[in-house]
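Visitor: Encoded as structure tokens, here's the structure I'll be asking about.
2 protein chains.
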Amino acid sequence: MRELIAYLTAEQPRINATLEQETSRLNGLVQPVAAHVLKAGGKRLRPLLTLLFGRMLGYGADDIYPLACSVELLHSATLLHDDIIDDADLRRGNPAAHTLFGNTKTVLAGDVLLAQANTIVARYGDARLTTCIAEAIMATATGEIEEIEYLRSTEHPQETYIDIIKGKTAFLLQASCQLGAMVAKATPAQIQAATDFGMNLGIAFQIVDDALDFAPSAKDIGKPVAGDLREGKLTPPLLMYRDSLQADARKSFVRNFEEGTFTEDEILGIAASIRETGLDVRTRELADSYLAMAQAALDTLPECPERLMLGQTIEYVRDRKH
Amino acid sequence: MRELIAYLTAEQPRINATLEQETSRLNGLVQPVAAHVLKAGGKRLRPLLTLLFGRMLGYGADDIYPLACSVELLHSATLLHDDIIDDADLRRGNPAAHTLFGNTKTVLAGDVLLAQANTIVARYGDARLTTCIAEAIMATATGEIEEIEYLRSTEHPQETYIDIIKGKTAFLLQASCQLGAMVAKATPAQIQAATDFGMNLGIAFQIVDDALDFAPSAKDIGKPVAGDLREGKLTPPLLMYRDSLQADARKSFVRNFEEGTFTEDEILGIAASIRETGLDVRTRELADSYLAMAQAALDTLPECPERLMLGQTIEYVRDRKH
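In the order they appear, the protein sequences are chains A and B.
In this text, residue positions in the first sequence follow my numbering: the first is 1, and each later residue adds one.
In this text, residue positions in the second sequence follow my numbering: the first is 323, and each later residue adds one.
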């Protein structure tokens, strides 16, 4: 991953400067909320994907940075609204925005970031780009709604879980890749490859996230261990755990899962059992199957340094430990 | 207003059918929330403005209906998010969405409607349209934030109030007019006339709304009389009332306004005094000055049936009693 890390180190200051510049134009009351969620925010994987696809397919201009940041702003907007929805107190180990700024400013700051993402993309004057970001917003909100619809349900198959995470996570990664390819005026086949790469990388990203929910280090990043079990999300480790149980134990698991009545000891016991029986590892193997599809899509594109680094984002998703 | 009423009666079924069609594609969980807010929703003034400007400036195609409805969807999205922000129990006399569906679905349904508005506009493949709607979303959210910033403040001048209502109300009416003119490939001067008409009509619309807040019939439309006084919004009638007071009474008003400590009797007394001293009428005269500017903008456009009806929207805003 040496090349990817070097690239990220080189590009991150420019990405962060663009995010700062774009949010500095927002209303003064929104800025601290935007700064808070953006500061907490990860590795800038989404802007990086736009950059790499744009550069790989021949777009050399500097004006790619705002486009690359549009999806990060969109992602931040969804985090703000999620905080209210989940009523979470922490976000990546930091206080959730609504605990610092209240629901009102958090809802409105989310709306402003959504609007800013749209405004930035509209500047490029390309209807494909605006359609892409509009559909990504729609898919993300719809995915979150579907997730809520299936909370505490144990009846739905794994396909439903995949549909949910496509919406809530993968579509934004797909859009990041598509925006880069589209602004570079890529061929339809290349845009399709960017779409397939982003979608499969995004699905794998969320599956690995759901495996990590049972990792002993989860609490180090400000999440309680087995948060999905507590919230009633039937992620792959929990689905496999349920299927591994005998009739009586299974009936009891299903009842407690549906009613949200596990004790703290039972939760920690299930998490330990998932680790001991290797269900977290099997979950990562499920992610690998999507990463293989991402790799296959990438292989159709011209060999170049950016393709190498995009291949390393696959490794990054596969190997991440927190 | 005969021509306007006949036109509205003829076009409303088509507008409502389009709204239904566009929301029927949304996730099943969102549909009842969208249907609830759209059903409660007024006279479709925003779609009507898009239609009238589009038709007046020569756009005859049927595909104008989704464009006209995009701003109504956007408006509905802001109403959903407002309900959460205000923590209001009623919206136009009906239960507010969050009391029926909860905060989570209400936030997400708002996001979906915002996304749907953007998706619809992106379909037309015209960057001016997407920029227009993106900026309208931004202005609306920013206006609401500014309104919150100045809640319970008595120090700001009337210009600040005008800035706030430009954002929270007038920009969406302006965008409705602009979208119609833009899709009709109007000249820059015509688009400017649509902009000026929409902005001034929108400012007047909100000023009249703020006058009506002290009308005895306010409670008939599901709002408590003097809601703005209760919430601490220094609207023109309240600003004029404050300025009419002698030093001691004024000091007491300011303190109670800033601290939100008026008794119910005091609130009803202030509302009665505003009516008796004609401050609601003077507020309407302030609205008239903006309506005159809307009329002046309209007068630069070619004489035709649509121009006549747009003139009647000015009368509608001026004369409305609830």
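For glycine and all other residues, C-beta sits at the position ideal for the given N, C-alpha and C.
Starting from residue 510 of chain B, trace the alpha helix (DSSP H) both ways and give me its first and last residue.
Guide: Here residue 510 of chain B refers to the residue found at position 188 when the second sequence is read from its first residue. Residues 510-534.
Visitor: Mind listing which residues of the region 345-362 of chain B have their C-beta closer than 9 Å to chain A's C-betas, in chain order?
Guide: So the list reads 348, 349, 350, 351, 352, given in the order they occur along the chain.
Visitor: Determine, using beta carbons only, whether residue 323 of chain A comes closer than 7 Å to chain B.
Guide: In the structure displayed, chain A extends from 1 to 322; residue 323 of chain A sits before or after that span and is not available.
Visitor: Which one of B:446, B:428, B:496 has the shortest CA to CA distance from residue 370 of chain B?
Guide: As a position in the second sequence, residue 370 of chain B is number 48, starting the count at 1. Among B:446, B:428, B:496, the Cα nearest to that of residue 370 of chain B is on B:496.
Visitor: Reducing DSSP to helix, strand and coil, say where residue 681 of chain B ends up.
Guide: Nothing in the structure corresponds to residue 681 of chain B, since chain B is present only between 323 and 644.
Visitor: Kindly indicate which three-state DSSP category residue 304 of chain A falls into: helix, strand or coil?
Guide: Counted from its first residue, the first sequence places residue 304 of chain A at position 304. Residue 304 of chain A falls in the coil class under three-state DSSP.
Visitor: Give me, in chain order, the residues of the same chain whose beta-carbon lies closer than 8 Å to that of residue 216 of chain A; leave out the 5 immediate sequence neighbours on both sides.
Guide: The sequence position of residue 216 of chain A within the first sequence is 216, counting from 1. Result list for residue 216 of chain A: 225, 275, in chain order.
Visitor: Please list, in chain order, all residues of the same chain as residue 464 of chain B whose beta carbon is under 7 Å from its beta carbon, the five residues on each side excluded.
Guide: Here residue 464 of chain B corresponds to residue number 142 of the second sequence, with the count starting at 1. Taken in chain order, the residues that qualify are 489.
Visitor: Within 8 Å, do at least three Cβ pairs link the region 294-314 of chain A to the region 255-263 of chain A?
Guide: Contact between the region 255-263 of chain A and the region 294-314 of chain A is absent, because fewer than three Cβ pairs lie under 8 Å.
Visitor: Report yes or no: do the region 325-342 of chain B and the region 108-123 of chain A share at least 3 C-beta pairs separated by less than 8 Å?
Guide: Because the criterion of three Cβ pairs below 8 Å is not met, the region 325-342 of chain B and the region 108-123 of chain A do not touch.
Visitor: Can you pull the chain A neighbours of residue 421 of chain B, defined as C-beta to C-beta under 7 Å?
Guide: What you label residue 421 of chain B is simply residue 99 of the second sequence in a count that begins at 1. Correct list: empty, because the minimum Cβ distance to chain A is about 15 Å.
Visitor: Rounded C-beta distance between residue 593 of chain B and residue 536 of chain B? I'm assuming under 8 Å.
Guide: Taking the first residue of the second sequence as 1, we reach residue 593 of chain B at position 271. Taking the first residue of the second sequence as 1, we reach residue 536 of chain B at position 214. That pair is a contact at about 5 Å.
Visitor: Does residue 233 of chain A come out as helix, strand or coil in the three-state DSSP assignment?
Guide: Stepping through the first sequence from its first residue, residue 233 of chain A is reached at position 233. Of the three classes helix, strand and coil, the one that applies to residue 233 of chain A here is coil, per DSSP.
Visitor: Just to confirm my understanding: we take residue 478 of chain B, look at its own chain, exclude 5 residues before and 5 after, and list those with CB closer than 8 Å. What are they?
Guide: As a working note, residue 478 of chain B is residue 156 in the second sequence. Correct list, in chain order: 472, 556.
Visitor: Taking the alpha-carbon positions, what's the residue 649 of chain B to residue 398 of chain B distance?
Guide: As shown, chain B starts at 323 and ends at 644. That puts residue 649 of chain B outside it, with no answer to give.
Visitor: Could you give the DSSP three-state label for residue 496 of chain B: helix, strand or coil?
Guide: If you number the second sequence from 1, residue 496 of chain B lands on position 174. Reduced to three states, the DSSP call for residue 496 of chain B is helix.
Visitor: By the three-class DSSP mapping on this structure, what secondary structure does residue 157 of chain A have?
Guide: Within the first sequence, the letter at position 157 stands for residue 157 of chain A. Here residue 157 of chain A sits in coil by DSSP.
Visitor: For residue 335 of chain B, count neighbouring Cβ atoms within 10 angstroms of its own Cβ and tell me buried if that reaches 16, exposed if not.
Guide: On the second sequence, residue 335 of chain B is found 13 positions in, with the first residue counted as 1. Exposed, because fewer than 16 other Cβ atoms sit within 10 Å of the Cβ of residue 335 of chain B.
Visitor: Indicate the three-state DSSP secondary structure (helix, strand or coil) for residue 248 of chain A in the structure shown.
Guide: Position 248 of the first sequence holds residue 248 of chain A. In the structure shown, residue 248 of chain A sits in a helix (DSSP, three-state: H, G or I).
Visitor: Measuring alpha carbon to alpha carbon, tell me which residue in B:575, B:521, B:565, B:574 is nearest residue 620 of chain B.
Guide: Locating residue 620 of chain B in the second sequence gives position 298, where the first residue counts as 1. When each option's Cα is compared against that of residue 620 of chain B, the closest is B:521.
Visitor: Buried or exposed: which applies to residue 469 of chain B, given that a residue is buried once 16 or more other Cβ atoms fall within 10 Å of its Cβ?
Guide: The residue given as residue 469 of chain B occupies position 147 in the second sequence. Buried, by the Cβ-count rule.
Visitor: Between the alpha carbons of residue 491 of chain B and residue 532 of chain B, how many angstroms are there, rounded?
Guide: Sequence index remark: in the second sequence, residue 491 of chain B carries index 169 (1-based). Sequence index remark: in the second sequence, residue 532 of chain B carries index 210 (1-based). If you take the alpha carbons of residue 491 of chain B and residue 532 of chain B, they lie about 12 Å apart.
Visitor: At a CB-CB cut-off below 7 Å, which residues of chain A make contact with residue 463 of chain B?
Guide: Indexing the second sequence from 1 puts residue 463 of chain B at position 141. Chain A residues near residue 463 of chain B: 108, 111, 112, 115.
Visitor: Is the separation between the beta-carbon of residue 505 of chain B and that of residue 639 of chain B shorter than 7 Å?
Guide: As a working mapping, residue 505 of chain B is identified with position 183 in the second sequence. As a working mapping, residue 639 of chain B is identified with position 317 in the second sequence. No, the Cβ-Cβ distance between residue 505 of chain B and residue 639 of chain B is not below 7 Å.
Visitor: Buried or exposed: which applies to residue 281 of chain A, given that a residue is buried once 16 or more other Cβ atoms fall within 10 Å of its Cβ?
Guide: In the first sequence, residue 281 of chain A corresponds to position 281, counting from 1. Its Cβ having fewer than 16 others within 10 Å, residue 281 of chain A is exposed.
Visitor: Taking the CB atoms as reference points, tell me whether residue 52 of chain A and residue 293 of chain A lie closer together than 7 Å.
Guide: Walking along the first sequence from the start, residue 52 of chain A turns up at place 52. Walking along the first sequence from the start, residue 293 of chain A turns up at place 293. Not in contact: residue 52 of chain A and residue 293 of chain A (Cβ atoms no closer than 7 Å).
Visitor: Could you tell me if residue 46 of chain A is buried or exposed, where buried requires 16 or more neighbouring beta carbons within 10 angstroms of its beta carbon?
Guide: As a first step, residue 46 of chain A must be located in the first sequence, where it is residue number 46. Buried: at least 16 other Cβ atoms inside 10 Å.
Visitor: Within 10 angstroms of its Cβ, does residue 622 of chain B collect 16 or more other Cβ (buried), or is it exposed?
Guide: Stepping through the second sequence from its first residue, residue 622 of chain B is reached at position 300. Exposed: under 16 other Cβ atoms inside 10 Å.
Visitor: Between residue 129 of chain A and the rest of its own chain, which residues show a CB-CB distance below 7 Å, the 5 nearest in sequence each way excluded?
Guide: Looking up residue 129 of chain A in the first sequence gives position 129. Closer than 7 Å at the Cβ level, and outside the excluded window around residue 129 of chain A, lie 121, 179, 182, 183.
Visitor: Report yes or no: do three or more beta-carbon pairs, one from the region 129-140 of chain A and one from the region 94-112 of chain A, lie closer than 8 Å?
Guide: No contact exists between the region 129-140 of chain A and the region 94-112 of chain A.
Visitor: Going by beta-carbon coordinates alone, are residue 103 of chain A and residue 85 of chain A separated by less than 7 Å?
Guide: On the first sequence, residue 103 of chain A is found 103 positions in, with the first residue counted as 1. On the first sequence, residue 85 of chain A is found 85 positions in, with the first residue counted as 1. No, they are not a contact pair.
Visitor: Could you tell me if residue 236 of chain A is buried or exposed, where buried requires 16 or more neighbouring beta carbons within 10 angstroms of its beta carbon?
Guide: Mapped onto the first sequence, residue 236 of chain A falls at position 236. Buried is the call here.
Visitor: Mind checking if residue 125 of chain A is an interface residue toward chain B, Cβ cutoff 7 Å exclusive?
Guide: Position 125 of the first sequence, counted from the first residue, corresponds to residue 125 of chain A. Yes, residue 125 of chain A lies at the interface with chain B (some Cβ there is under 7 Å from its Cβ).
Visitor: Between residue 176 of chain A and residue 50 of chain A, is the Cβ-Cβ spacing less than 7 Å?
Guide: Counting from one through the first sequence, the residue named residue 176 of chain A turns up at place 176. Counting from one through the first sequence, the residue named residue 50 of chain A turns up at place 50. Cβ distance < 7 Å, so residue 176 of chain A and residue 50 of chain A count as in contact.
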